[in-house]
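Trainee:
Residue numbers (my numbering): 95 to 162.
#1: Output yes if chain C places a C-beta closer than 8 Å to the C-beta of residue 128; else output no.
#2: Any contact between the stretch 106-119 and the stretch 148-157? By contact I mean 3 or more CB pairs, one from each, below 8 Å.
#3: What are the boundary residues of the alpha helix (DSSP H) that residue 111 is part of?
#4: Considering just the uninterrupted stretch of the alpha helix (DSSP H) at residue 101, what are its terminal residues?
#5: For the alpha helix (DSSP H) holding residue 145, just list the boundary residues, first then last.
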């Protein structure tokens, strides 16, 4: 979901990593839903991608199911 939203806003992975203040490698893991972002990074991600409450809920639910 994050990747699709990023693509719809025409951001590259490099641009998102820079906006979030994290390494490209770390962002790629978030983009591919292989890692859950820290709370501060999640907050920036929500703002940058203009995520709705529904999208945030879906994203968190999906990741917690994946990790568990």
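By construction, the Cβ of each residue, glycine as well, lies at the ideal position given by its N, Cα and C atoms.
Because the structure is a prediction, the values reported are computed rather than measured.
Mentor: Taking the coordinates as given:
#1: Absent from the structure: chain C. Only one protein chain is present.
#2: no
#3: The residue labelled residue 111 in the question sits at position 17 within the chain shown. Its alpha helix (DSSP H) spans residues 107-114.
#4: Within the chain shown, numbered from 1, the residue matching residue 101 stands at position 7. Segment 96-102, the alpha helix (DSSP H) holding residue 101.
#5: Here residue 145 refers to the residue found at position 51 when the chain shown is read from its first residue. No alpha helix (DSSP H) holds residue 145; DSSP gives it neither H nor E.
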